[in-house]
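Since the structure comes first, as structure tokens, the remarks are kept for the end.
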Amino acid sequence: MCTRQNSMTSQTPNIFSRITFWWMNELFSLGNKSDLQERDFDDLHKKHSSLQTCERLENFFRNWNLQLKASLTSGKKPDLIRAVINAYWLQWLLFAVLAVVKEALGILTPFLIGRLLQYFSGQIPLADAYWYSAGITAIAIAFTFLHQWFFYLGDMMGWHVRAATCALMYKKTLRLNQLSLSSTTTGQIVNLGATDVLRFDILPPFIHYIWLSPILVAIVTYLLWQELGITALVSVGIIFLPLLSQILVGPCFGKIRAQTALQTDKRIQTMNELLVAMRIVKLYAWEKRFADLVSNIRKKEINWILKSSYLKAYNSGMTYASGKILVFATFVTYVVLGGELTAPKVFTVMAWFNSIRLPTTVFAHFAIEKIAESRISLKRIENFLLLEELKPDVEGGVQTEFEKPLIKLENYFGSWNANKSTSDTVPWIFSGTVKQNILFGEAFDAQRYNEVIKVCALQTDISNLPHGDETLVGERGAALSGGQKARVNLARAAYRENIDIMLLDDPLSAVDANVANHIFHECICGYMKNKIRVLVTHQFQFLQSVDEILILKAGEVVAYGSFQDIQTSGADLAYLTATNSDDQSENQHVEHPLRLYVPQFQEKQSSEKTNDEIYGTKVVLQKNVEHVADVENEEIKAQGSIGLKSYVQYLASRWFRFALVVVLIIANHTLHVATDWWISVWATNSQDSLASLNTSTSSIFANRTMAVLNPQPISSDDFYYIRIYAILVASFLVALFGRTLLHYHHTVASGRRMHDKMLTALLHAPIRFFDVNPVGRILNRFSKDMGQVDEILPWLLLEFTMAFFLVLSIIIVGSVINYFVLIAVFPLLIYFLWLRRYYIKTSRDIKRIEGANRSPVFSHLAATIHGLTTVRAFKMQEKFEVEFHRLQDKHSVPWFLFLSGTRWFSLRLDIISATFIGVVAFLSVATTSWFETDAGRVGLALIYALQLMGYFQWCVRMSTEVENQMTSVERIQQYHKIPPEASHNTGTSKLPVDWPVAGDLLIQNASFAHYESGPTILCDISLHIKPMEKIGVVGRTGAGKSSLIASLFRLTELRSGKIFLDNVDISTIGLTKLRSSISVITQDPILFAGTLRKNLDPFSMYTDTELWTALEKVEMKETVAVLPVKLETKLAESGSNFSVGQRQLLCLARAILTRNKILAIDEATANVDMRTDKLIQKTIRKTFKDCTVITVAHRINTIIDSDRVLVLDQGRLVEFDAPSKLLNNRDSAFSGMVDSLGSVESDNLRRLANDL
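Here this note's numbering is used: the sequence shown runs in plain steps of one and ends on residue 1271.
Next comes the structure, spelled out in structure tokens:
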């Protein structure tokens, strides 16, 4: 294996390299020479892969899948906690052995300290003192290796459990049925994988201390009894007091965690819907209202986080206070009962207390807290894993006599499976390149690929994209126009090999008439001619070219047959379209029902003509592609160290409170040293008093035992020491608990401000920001990063400040007692400073890469949920699962290196600490003859030096962890600096309250681009729309129709020119006022999870009467009235429990409620049937008759009754006049577009225009 990575490759390092993490040296060397990149990392070893860890949790010894199978027969509910235990019990057993050995070494050390201190009383020879010093040093070194490997293996197991549960959840997502999908949301699933699983990373190293702590307490109790007699019982009671309090507090953490997770789910769900619908939010000027909505949820979440933080403050306080309380109570009781203090006795007992302080207070309470939280998280994940699934597909089936595929449905209800390909009404585009979206896992065949591109009319689009078909399209195809997304979606279906059936759900609705003709004849009837094609369409001009027509109404078949049969039957289709004998005579029929054929056209295509010449009109595919923006493939990662400014903005935003925290920190640690110094003085003076009475150690022990039975009055000297000691300890406790409570309050408040500031910046970001940044990337800031800031960073900061000042105290005390220690301190300090700098640069780069690699995992999960129907239809579940494993492995590589690098660093820090312990021990012995040294001061120095082993590496580790976690603060602060769009409130005070009154719109020489450096989409547009005029906007795909609407709402500022609304320059008006003054209906009907009432009236502005009136106008009143809870009916995510048409009608009702004088309709009827289209048009004409209406449409019949028609081509105004005048001019562009629909439809539209 390469020397720098442990088990990431197939080779294995030697035993020395493994034990010392020497194999990491190469990576650290490389990281210090240049910034690390992903190419510097090796691939992940198979045993650490997402697939392998998931397999272990699923199938290893009575695990999850076996429990699921057993539950079918036994009815016993599967238990995820039991599955995790079954998968990792052997590793836990190994941890138990390591824990027992290392804690045994910790208890042995105080014996050696006690014996060494006897040398300073003249009780042992010099040689023995050196041997005891050597023993203390050797044990410290051995403890270092055992401790680091114990935590390393625990961290590895936590990582495996997290990766396995995430993979298990993703696999479950692919199998969820529609009912289960409607009962959860993308935000909830993301929160499970982003926040809940974090507990698994932390828990494993600490869990053994639940059973190990009582055993350690029992052993130390026995030893204390030997030394202190009955006083040991007081010590035991106080040792168990914080432990019992933590056991009582533990369940509270679980309950609070459950409530916190509930509020976090709501917040992430709301943020997910907000981000997905951000264009709608901006068009409706809902930023402030959504900010209030999210802030209210966040406020509830913060309340629970504060409750949890106060409990953590109590636990942290007890962790550090218990030692002081224990020492105070033990020795005061001992003296009260007649005992006499000596330095060996005091510091041996203190060393035992210190040896069990971390296991019984820090580790045990941490285990209790994290077990409670992990149990809640595992149960939440378990509930998700037990949601209902789709029934497995039945492969194979009965063979029939047909050689060719045939669809035959009789009395059918449900779902069906076959070798089929689909193209949906609402295109699903995932974050990747154009080519990746088309290939969709298929092997690349250049000839087939180029032919598909051609027949789907994508050649010109791709040539105009910045990087051709390698252009990244962004999440949900943010970089593509609606027509481009529809054609890429169709190309994906067309490219599939070995497909017998094509299910095409209205793929022509999002493109203009010419492109629709091209696609229908070249792709559907040409390229797909050898397949069964089931085409759902609202384009009736194509029906005379199909073999069979199926008319559905309210879920029932009302007509079935050929075009001629249905036309003569008097069915609904008869009045919607007509034909003539010439058209009919040219139809050629084929044998197989439901199968389309290639028709003959009125103008036969000669070999000289291109395939784009249809109905005598050449299809000019777009030259000026309406391309939104280049999408960023990788998340931008900051370089270098975390700047001081980030710390200041996070910690010192409230200076007074921050200053108070600093004062309490200094007071707390000053009193910490003072209490220990005072007990040292007391013990030394007590021992001197005994020595002056020529009392031997053996007689002291005898007197002590008698004193327990016959307490003596406390001497005046002892009373003096006890009184001062009590004051110092009480002051220490006040400062400690005040400091921990204020610290948590301050940091949680800082996190709350950061979230609010990020939310505000995000809501005021220009729309391009959301086009180039996937939802998963943004959501990662609000989920994982915000979770780190809320719950992990406050604890890390507290632990770092505690450890830092304790280390400083240890060095100061050691140097004051024996200044020769400084001889060793300086080189060790220099080495430490170099080591930290050497480590932190590489560690920081690894952590940043880890953070950036986390986002694609969530983006892939969100994309899978949104496109689950397509994924299943194409049978791509396995490939999507493989991609998830790949992305999770990509994230696991830097995470593995981060864990290994942390242990590499911690091991070397502990070796520095062990060296310092040895220096203090040996120098204390060696310098005895040079200056006077008493046992009390040496004992204090040794006790502090022993604590250095834990505190020094803990301090440095916490400092690096703080800096690593500060990358989350840095990432959030990056969003604070998002350049905002124009002001939302400028110039509002100068406008009349009811502006705009008339709806007069004047555009002067307007040029528009979607972003500053992007291509100009609208070029020098000038026009005047009079009040109450109805304007239709048409043009080929990419002509700039939607961009015209975007310019009215100032989604991006004009490149040049001006737009006036009621004689007011809209660039001088605040965006909130402008956008709220224009009603809009978009092509994609966006609804939010929640009640129907909240979707119609998100912010409770209208009465029930107004809501029912709006529903009545769109003919949805009866539909809603029959629902059990009517307006309070819960909608699934994106409103998926309503049809696309019903969702569009609800959006129309929403627009009706706003009562604005100008209405913009952006292809709102592209995805609905003709009846719904007519209903929408009828409602608009009636409800908005006194308003100015601008309608962008592909269907020319939608805008044929407009007062004027605006024709755009390549971003330029081509024509703008009444439809009848434009159609009377046979050379007009509009006339050509109408003619391209065929003679029947053309004649019908001309007749309608002339009748107006």
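Here a beta-carbon is modelled for each residue, glycine too, at the ideal position from N, C-alpha and C. Values in this document were obtained by computation on a predicted structure and should not be read as measured data.
For residue i, three-class secondary structure by DSSP
i     : result
T947  : coil
H227  : coil
S1258 : helix
S1158 : coil
D16   : No information on residue 16 is available, as it lies outside the stretch 20 to 1271 that the chain covers here.
H1213 : coil
R1231 : strand
V103  : helix
K1045 : coil
S1032 : coil
Y1121 : coil
A1001 : coil
D695  : helix
L1021 : strand
D1039 : strand
G451  : coil
L1264 : helix
K1136 : helix
A1179 : strand
F1203 : coil
S1096 : coil
Residues of its chain near residue i, where Cβ-Cβ distance is below 8 Å and the 5 sequence neighbours each way are ignored
i    : result
I930 : I160, T163
I390 : L222, I226, I229, G269
L117 : L165, W168, F169, L172
Beta-carbon proximity of residue i to residue j, cut-off 8 Å
i     : j     : result
K1049 : V1208 : yes
T204  : A1108 : yes
Q288  : Q197  : no
A237  : W244  : no
T156  : A933  : yes
T214  : G770  : no
E461  : R495  : no
V794  : L294  : yes
L46   : T1110 : no
A1168 : A1129 : yes
V216  : S396  : yes
V938  : V840  : yes
Neighbourhood of residue i by C-beta, 6 Å cutoff - its chain only, sequence neighbours within 5 removed
i     : result
W923  : F40, M43
P618  : The pLDDT assigned to P618 is 32, lower than 50, so where the model puts this residue is not dependable, and the model offers no usable value.
N1272 : In this structure the chain extends from 20 to 1271, so residue 1272 is not present and cannot be described.
T759  : A332, S335, G336
P261  : M337, S341, T380
R956  : I836
Neighbourhood of residue i by C-beta, 7 Å cutoff - its chain only, sequence neighbours within 5 removed
i     : result
K95   : A89
L906  : P875, V876, H879
Q137  : I143, P363
N872  : K909, H910, P913
K1136 : W1127, L1130
Rounded distance between the beta-carbons of residue j and residue i, thought under 8 Å
i     : j     : result
L1021 : S1062 : That belief does not hold up - the Cβ atoms of L1021 and S1062 are roughly 18 Å apart, past 8 Å.
S327  : I275  : 5 Å
R772  : S672  : 6 Å
N536  : M1252 : About 11 Å; that fails the 8 Å criterion.
I868  : E57   : 6 Å
Residue i beta carbon near the ligand GDP (any heavy atom closer than 7 Å)
i    : result
G886 : Here there are no bound small molecules, and the ligand GDP is not part of this structure.
Worksheet item: Hey, which unbroken runs of the beta strand (DSSP E) at 3 residues or more fall wholly within the segment 739 to 811?
Response: Contiguous beta strand (DSSP E) elements confined to the segment 739 to 811 do not occur, taking only those with 3 or more residues.
Item to complete: Go through the segment 489 to 560 residue by residue and report every complete run of the alpha helix (DSSP H) that reaches 4 residues or more, in order.
Response: Fully enclosed alpha helix (DSSP H) runs of 4 or longer: 501 to 514, 532 to 537.
Worksheet item: Whole alpha helix (DSSP H) runs in the segment 838 to 874 with 4 or more residues, listed along the chain?
Response: Restricted to the segment 838 to 874, not a single alpha helix (DSSP H) segment is unbroken, complete and at least 4 residues in length.
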